[in-house]
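Notes follow the structure.
Numbering (the working numbering), first residue to last: 21 to 175.
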């Protein structure tokens, strides 16, 4: 079954290239022996830089299950997930993930995440897109109220 699911992710990536709808990436989320979410890269089609195949598949799987957690699910991706997608995999609490092509393969095709990996190791104020903390009175109020809230769904 593992190869069947990976083949589906690869087929989604090929269909996406052939249709001209986006980049050469596909992903599926699987629960047991059933695909519950499929995704193809649609960054350019949607004008959405977060519309990576893995994110699309995770969103659909969560909708299918009516849950933001995918603890008993696996993800199969045609290529090694980028840092954003890896973050989504962890936030969704997937059991595991598999990929076919490596970051080096993606880089050779023009999809190079190396600069993002390099940026993560750089202090926020020195990155190519600098970041800085703004200390604003009351900013912690939402966290404080969250910690005291009797009704909340932790995640």
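Heads up, the beta-carbon is just placed ideally off N, CA and C, and yes, glycines get one too.
Inter-residue Cα distance where the pair is residue 29 and residue 134: 23 Å
With 16 other Cβ atoms within 10 Å as the buried cut-off, status of residue 81: buried
Integer-rounded CB distance, given that residue 59 should sit under 8 Å from residue 46: 7 Å
Beta-carbon gap between residue 117 and residue 26 smaller than 7 Å: no
Residue 49 beta carbon less than 7 Å from that of residue 93: yes
From 123, 147, 89, residue whose alpha carbon lies closest to that of residue 182: What the structure shows of the chain is the stretch from 21 to 175, and residue 182 is not part of that stretch, so it cannot be assessed.
Beta-carbon spacing of residue 99, residue 126 below 7 Å: yes
Nearest-angstrom Cβ-Cβ length linking residue 31 and residue 61, presumed shorter than 8 Å: The Cβ separation is near 14 Å, so there is no contact.
Integer-rounded CB distance, given that residue 74 should sit under 8 Å from residue 108: 6 Å
8 Å CB neighbourhood of residue 159 in its chain, flanking five on each side removed: none
Contact under 7 Å by Cβ, residue 77 with residue 57: yes
Residues that DSSP places opposite residue 95 in a beta bridge: 49, 117
Proximity to residue 40 [Cα-Cα], best of 65, 21, 23: 65
Buried versus exposed, by CB contacts within 10 Å (16 or more), residue 170: exposed
Sequence-distant residues of the same chain with beta carbon closer than 8 Å to residue 55, five excluded per side: 25, 28, 48, 49
From 103, 128, 167, 22, residue whose alpha carbon lies closest to that of residue 138: 103
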